[in-house]
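A short worksheet on the structure shown next.
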Amino acid sequence: MTNWSVILNIAKTHLLTKMKSTVTASLGVTFGIGAYITLVSFMTGLNQMLDDLILNQTPHIHLYNEIEPSPKQPVNLYGDLEGAFNVVHSVKPKQSQRKIHNALPILDYLKKDPNVKGATPQLRIQIFYLSGSIELGGNLTGVDVMEEARISNFRDYIVSGSPEALRNLDSGILLGAGLAKKMSLGVGDRVQVSTVTGGIFPLKIVGIYQSGIADIDNIQSYANLNTVQRISGEAQNYITDINVKLNAISEAPAMAQRLEKQFGIRATDINTANAQFETGSDIRNLITYAVSITLLIVAGFGIYNILNMLIYEKMNDIAILKATGFSGRDVQLIFMSQAIIIGLIGGFLGLLIGFGLSVFIDQLPFNTEALPTITTFPVNMQFRYYVIGIVFALLSTFVAGYLPSNKAKKIDPVRIIRGT
Amino acid sequence: MMKYVLEARHIDKHFKKPVDFHVLKDISFTVRQGEFATVMGKSGSGKSTLLYILSTMDTDYTGELYLNGGLVTGKSHQILSRIRNEHIGFVFQFHYLLSEFSVLENVMLPGKKLGARTEEQIERDAREKLEMLNIGYLAEKRASRISGGEKQRVAIARALINNPTILMGDEPTGNLDSYNAENVLQIFTRLKEEQGLSLLVVTHDLDFAQRTDRIIEMEDGRIIKS
Ligand SMILES: Nc1ncnc2c1ncn2[C@@H]1O[C@H](COP(=O)(O)OP(=O)(O)O)[C@@H](O)[C@H]1O
Ligand SMILES: [Mg+2]
Numbered sequence: 001m002t003n004w005s006v007i008l009n010i011a012k013t014h015l016l017t018k019m020k021s022t023v024t025a026s027l028g029v030t031f032g033i034g035a036y037i038t039l040v041s042f043m044t045g046l047n048q049m050l051d052d053l054i055l056n057q058t059p060h061i062h063l064y065n066e067i068e069p070s071p072k073q074p075v076n077l078y079g080d081l082e083g084a085f086n087v088v089h090s091v092k093p094k095q096s097q098r099k100i101h102n103a104l105p106i107l108d109y110l111k112k113d114p115n116v117k118g119a120t121p122q123l124r125i126q127i128f129y130l131s132g133s134i135e136l137g138g139n140l141t142g143v144d145v146m147e148e149a150r151i152s153n154f155r156d157y158i159v160s161g162s163p164e165a166l167r168n169l170d171s172g173i174l175l176g177a178g179l180a181k182k183m184s185l186g187v188g189d190r191v192q193v194s195t196v197t198g199g200i201f202p203l204k205i206v207g208i209y210q211s212g213i214a215d216i217d218n219i220q221s222y223a224n225l226n227t228v229q230r231i232s233g234e235a236q237n238y239i240t241d242i243n244v245k246l247n248a249i250s251e252a253p254a255m256a257q258r259l260e261k262q263f264g265i266r267a268t269d270i271n272t273a274n275a276q277f278e279t280g281s282d283i284r285n286l287i288t289y290a291v292s293i294t295l296l297i298v299a300g301f302g303i304y305n306i307l308n309m310l311i312y313e314k315m316n317d318i319a320i321l322k323a324t325g326f327s328g329r330d331v332q333l334i335f336m337s338q339a340i341i342i343g344l345i346g347g348f349l350g351l352l353i354g355f356g357l358s359v360f361i362d363q364l365p366f367n368t369e370a371l372p373t374i375t376t377f378p379v380n381m382q383f384r385y386y387v388i389g390i391v392f393a394l395l396s397t398f399v400a401g402y403l404p405s406n407k408a409k410k411i412d413p414v415r416i417i418r419g420t
Numbered sequence: 001m002m003k004y005v006l007e008a009r010h011i012d013k014h015f016k017k018p019v020d021f022h023v024l025k026d027i028s029f030t031v032r033q034g035e036f037a038t039v040m041g042k043s044g045s046g047k048s049t050l051l052y053i054l055s056t057m058d059t060d061y062t063g064e065l066y067l068n069g070g071l072v073t074g075k076s077h078q079i080l081s082r083i084r085n086e087h088i089g090f091v092f093q094f095h096y097l098l099s100e101f102s103v104l105e106n107v108m109l110p111g112k113k114l115g116a117r118t119e120e121q122i123e124r125d126a127r128e129k130l131e132m133l134n135i136g137y138l139a140e141k142r143a144s145r146i147s148g149g150e151k152q153r154v155a156i157a158r159a160l161i162n163n164p165t166i167l168m169g170d171e172p173t174g175n176l177d178s179y180n181a182e183n184v185l186q187i188f189t190r191l192k193e194e195q196g197l198s199l200l201v202v203t204h205d206l207d208f209a210q211r212t213d214r215i216i217e218m219e220d221g222r223i224i225k226s
């Protein structure tokens, strides 16, 4: 039978009479947990921002036709030369269109799939932007703008103007921010584009597109799909790319493989395309946990030391308690409670400080050209981290308290009372 | 049949370190209900060692120990703690109190550990014991702020809080001046007479011993007279 009120009362008295040590030990934990909360919130916020920056602009699955040489050259088909060592010079890509055959049926098929959140057709062409005597090379992508806005955060990257403005104006264009700057153009101005084949088309700027990646913003613009089809002189079913957004990103690789086989086109999935971003996130997470655990281990050693000292000082008390009927387990519980109390107080303070710092960082202005939608430092506040934090605190104090308290449990009262 | 509160049968103990030393040799004796017995003997004759065994704190011995007719030898530490808590009051030569607690809290602690009464009841009992020992006015003082004689009386009050079967003392007056020593002796006598308490007290004071029911004399780890 354990009488907790007595045990906690003794633990409390020890902690209160050793206020300095208690505060030092608790602050160690506070520091560790506070740092963990701040770091993890900031780091995962950063991760999420960078993921958003790259991944949200990348479709989960991208369908297109690759221009590439035939894997089987004609000579390989010639039976008489089978098994011979054939050398073919100047291999040229197979004569084929960039167009996806049966694009419209494929789109229909995809839209019916319950795993698919949305599929958008695109037509990507190379153009020149003309402004006075300036002629800039670049890309123009024809999109179903409302659908793009629905399945990706396309809207976030339109820094002035809106997707609706593009939808409402057939001859509208969302001009890349870098291009707009180079040509000193703004919303409402006109820009002329010419295709590789020579036709010149005037378009009205209804918005500025800024992805945050300069290389893209210097060449990329968006217009309505049928406008681009008209500019390039192609039919209504001429589509070069299909972007697919899934409900579950983890399905992407399997689905991409399936689509590749089924439709005989190239399908790249986001995981393959962006493996390096995962690595970046993993490393940032690793740093967060490494730093936090290091701080907690330091705090743990602090608690270990302080409890060891306390037990050394309290030898007589321990002997008396045991002589008057407290069991070794009771004595252990007294010192374990002290460790846990330190962990709880220090941990909760750490959570508070972590929360405060997170809120503070979240309000710090952070403006950068590259990230138009970000105005303050990114912070990802999740309840989960606070639970992990307090569990961390209790775990480290438990481990740090266990060894000294076990020593106290084993102290032989006779030896102390004898004074040897 | 006479009722024994304490019975030792053929208790032997060796210290193995630094060299093998046979410290207690075939100790057998009894303490009756309501008896006030003293243990005397030269320094080093094994009195303290014996008392630590009898109080169940030391379990490293051979032979049997009975308390209230029940065998104590071989019981687990957990059970022995409980037995000490409930049945044995112990007073040391150096009045060990928890210095950070008040006098009252010191006296109450074994009672709270036992958990047989409510906190209020334990406090009432503790104050009563302190009154009985004429130190009721010290209750709220810190244990570290009182004199040696007072501390020893607080230790006695603490030993009595659970109304033990037997009170043991290892030279409880050894560190007190003659006035305080006399005071403690009188308290013990009164406890025996008024409450029928059994006592087993180690002392060097022949005067003290002669005023008790019985003297057990030890020499070189043996009882030579009892
Ligand atoms: N832990 C120990 N290890 C070895 N010898 C001990 C130990 N404790 C006591 N002794 C020896 O045992 C003998 C009896 O000691 P003790 O019981 O304290 O005697 P007393 O209380 O009668 O003076 C002494 O000779 C002492 O030196
Ligand atoms: Mg002694």
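Protein chains in written order, with the numbering used here: chain A, 1 to 420; chain B, 1 to 226.
Think of the CB as a built atom: it goes at the ideal place given N, C-alpha and C, for glycine as much as any other residue.
Check your understanding: Beta carbon of S45 of chain B: closer than 7 Å to some heavy atom of ligand 1?
Key -> Locating residue 45 of chain B in the second sequence gives position 45, where the first residue counts as 1. Checking every heavy atom of ligand 1 against the Cβ of S45 of chain B, one is found closer than 7 Å.
Exercise for review: Kindly indicate which three-state DSSP category I411 of chain A falls into: helix, strand or coil?
Suggested key: As a first step, residue 411 of chain A is located in the first sequence; it is residue number 411 there, counting from the start. Here I411 of chain A sits in coil by DSSP.
Review point. Given A408 of chain A, which residues of its chain have a CB within under 7 Å of its CB, disregarding the five upstream and five downstream residues?
Key: For the purposes of this step, residue 408 of chain A is identified with residue 408 of the first sequence, where counting begins at 1. Hits under 7 Å: I311, I318, V331, Q332, F335.
Practice item. Ignore the nearest five residues each way along the sequence and tell me which others in L259 of chain A's own chain have a CB closer than 6 Å to its CB. Key: For this step, residue 259 of chain A is matched to residue 259 along the first sequence. Around L259 of chain A: A267.
Review point. Using a C-beta cutoff of 8 Å, does E140 of chain B count as contacting chain A?
Key: Indexing the second sequence from 1 puts residue 140 of chain B at position 140. With 8 Å as the cut-off, E140 of chain B does not count as an interface residue toward chain A.
Review point. Quick one: what does DSSP say M218 of chain B is sitting in, helix, strand or coil?
Key: Residue numbering aside, residue 218 of chain B sits at position 218 when the second sequence is read from its first letter. Strand, per DSSP.
Review point. Helix or strand or just coil, what does DSSP make of V40 of chain A?
Key: For the purposes of this step, residue 40 of chain A is taken as residue 40 along the first sequence, with counting starting at 1. Note: V40 of chain A maps to helix in three-state DSSP.
Review point. When DSSP labels each residue in this structure, what does G89 of chain B get in the three-state scheme?
Key: Locating residue 89 of chain B in the second sequence gives position 89, counting from the first residue. Strand at G89 of chain B.
Practice item. Find the nearest neighbour of G142 of chain A within the set A:K92, A:Q220, A:S90, judged by alpha-carbon distance. Key: If you number the first sequence from 1, residue 142 of chain A lands on position 142. It is A:Q220 whose Cα lies nearest to the Cα of G142 of chain A.
Practice item. Could you tell me whether the stretch 281-292 of chain A touches the stretch 379-386 of chain A, where touching means 3 or more Cβ pairs closer than 8 Å? Key: no
Review point. Looking at S48 of chain B and ligand 2, is the gap between the Cβ and the nearest heavy atom below 7 Å?
Key: In the second sequence, counting from the first residue as 1, residue 48 of chain B sits at position 48. S48 of chain B: yes, Cβ under 7 Å from ligand 2.
Review point. Which bits of chain A does H77 of chain B rub up against, with CB to CB less than 9 Å?
Key: As a first step, residue 77 of chain B is located in the second sequence; it is residue number 77 there, counting from the start. In chain order: S327, G328, R329.
Check your understanding: Just to confirm, are E171 of chain B and V202 of chain B a CB contact at a threshold of 8 Å?
Key -> Taking the first residue of the second sequence as position 1, residue 171 of chain B is located at position 171. Taking the first residue of the second sequence as position 1, residue 202 of chain B is located at position 202. Yes, they are a contact pair.
Point to revise | Paired residues, beta bridge with Y476 of chain A - DSSP | key: The structure shown does not extend to residue 476 of chain A, since chain A is modelled only from 1 to 420, so the question has no answer here.
Review point. Among the residues of its own chain, which have a CB less than 8 Å from the CB of L185 of chain A, if the five just before and after it don't count?
Key: As a position in the first sequence, residue 185 of chain A is number 185, starting the count at 1. Answer for L185 of chain A: S131, L175, L179, V191, I205, listed in chain order.
Exercise for review: Rounded to whole angstroms, what's the CA-CA distance from L80 of chain B to K112 of chain B? Just pull it up for me.
Suggested key: Counting from one through the second sequence, the residue named residue 80 of chain B turns up at place 80. Counting from one through the second sequence, the residue named residue 112 of chain B turns up at place 112. C-alpha separation (whole angstroms): 17 Å.
Practice item. Mind reading off the beta-carbon distance from V440 of chain A to V244 of chain A? Whole number of angstroms is fine, and I expect it under 8 Å. Key: Outside the displayed span of chain A (1 to 420) sits residue 440 of chain A, for which this structure offers no information.
Review point. What residue range is occupied by the uninterrupted alpha helix (DSSP H) comprising V145 of chain A?
Key: What you label residue 145 of chain A is simply residue 145 of the first sequence in a count that begins at 1. Run containing V145 of chain A: 145-151, per the alpha helix (DSSP H) assignment.
**Study point:** CA nearest to the CA of G136 of chain B, picked from B:S144, B:E150, B:R145
**Key:** Counting from one through the second sequence, the residue named residue 136 of chain B turns up at place 136. Measuring from the Cα of G136 of chain B, the nearest candidate turns out to be B:E150.
Point to revise | Partner residues on chain A for N85 of chain B, Cβ-Cβ distance less than 8 Å | key: The residue labelled residue 85 of chain B in the question sits at position 85 within the second sequence. Going along chain A in sequence order, the residues near N85 of chain B (Cβ under 8 Å) are T324, G325, F326.
Practice item. Quick one: which residues of the stretch 98-111 of chain B get their C-beta closer than 7 Å to a C-beta of chain A? List them in chain order. Key: L98, E100, F101, L109, P110
Review point. So which residues of chain B does N3 of chain A contact, with C-beta pairs closer than 8 Å?
Key: Stepping through the first sequence from its first residue, residue 3 of chain A is reached at position 3. Residues of chain B passing the Cβ test: K112, K113, G115.
**Study point:** Three-state class that DSSP yields for A119 of chain A in the structure shown
**Key:** Residue 119 of chain A sits at position 119 when you count from the first residue of the first sequence. Strand.
Exercise for review: Could you say which of B:L71, B:D60, B:G46 lies nearest to K16 of chain B if we only look at CA atoms?
Suggested key: Your numbering for residue 16 of chain B matches position 16 in the second sequence. Checking every option, the nearest Cα to that of K16 of chain B belongs to B:D60.
Point to revise | E35 of chain B: first and last residue of the uninterrupted alpha helix (DSSP H) it sits in | key: Counting from 1 along the second sequence, the entry for residue 35 of chain B is found at position 35. Counting along the chain, E35 of chain B falls outside any alpha helix (DSSP H), and DSSP gives it neither H nor E.
Review point. Is the shortest distance between the beta-carbon of Y61 of chain B and the beta-carbons of chain A less than 8 Å?
Key: Walking along the second sequence from the start, residue 61 of chain B turns up at place 61. It does not: the Cβ of Y61 of chain B has no partner Cβ on chain A nearer than 8 Å.
Review point. Do three or more CB pairs link the stretch 82-99 of chain B to the stretch 160-168 of chain B at distances below 8 Å?
Key: yes
Review point. Does D20 of chain B have its Cβ less than 8 Å from a Cβ in chain A?
Key: In the second sequence, the residue the question calls residue 20 of chain B occupies position 20. No, no contact with chain A.
Check your understanding: Does any heavy atom of ligand 2 sit closer than 7 Å to the C-beta of D170 of chain B?
Key -> As a position in the second sequence, residue 170 of chain B is number 170, starting the count at 1. Flag set: Cβ of D170 of chain B near ligand 2.
Check your understanding: For M168 of chain B, which residues in chain A fall below 8 Å Cβ to Cβ?
Key -> To locate residue 168 of chain B, count along the second sequence from 1; it is residue 168. Those within 8 Å of M168 of chain B in chain A number zero; the least Cβ separation is about 10 Å.
Review point. Given 8 Å as the limit, is there contact between the stretch 207-226 of chain A and the stretch 29-44 of chain A, that is, 3 or more CB pairs closer than that?
Key: no
Practice item. Check whether the Cβ of G356 of chain A lies closer than 7 Å to any heavy atom of ligand 1, and answer yes or no. Key: Within the first sequence, numbered from 1, the residue matching residue 356 of chain A stands at position 356. Because no heavy atom of ligand 1 lies under 7 Å away, the Cβ of G356 of chain A does not count as near it: no.
Review point. Would you say M57 of chain B reaches chain A, if we count a Cβ-Cβ gap shorter than 8 Å as a contact?
Key: Working through the second sequence from its first residue, we reach residue 57 of chain B at position 57. Yes, because at least one Cβ of chain A sits closer than 8 Å to the Cβ of M57 of chain B.
Review point. For L114 of chain B, which of A:E82, A:T375, A:L321, A:A223 has the nearest alpha-carbon?
Key: Along the second sequence, read from residue 1 onward, the residue named residue 114 of chain B stands at position 114. The candidate whose alpha carbon is nearest that of L114 of chain B is A:L321.
Exercise for review: Let me know the secondary structure DSSP gives I161 of chain B once reduced to three states.
Suggested key: For the purposes of this step, residue 161 of chain B is taken as the residue at position 161 of the second sequence. Coil.
Exercise for review: Return the residue from the list A:A103, A:L123, A:E313 that minimises the CA-CA distance to Y17 of chain A.
Suggested key: For the purposes of this step, residue 17 of chain A is identified with residue 17 of the first sequence, where counting begins at 1. With the sequence shown as reference, residue 17 of chain A is identified as Thr, and Tyr is not the correct amino acid for it. Checked all of A:A103, A:L123, A:E313; the closest Cα to T17 of chain A is A:E313.
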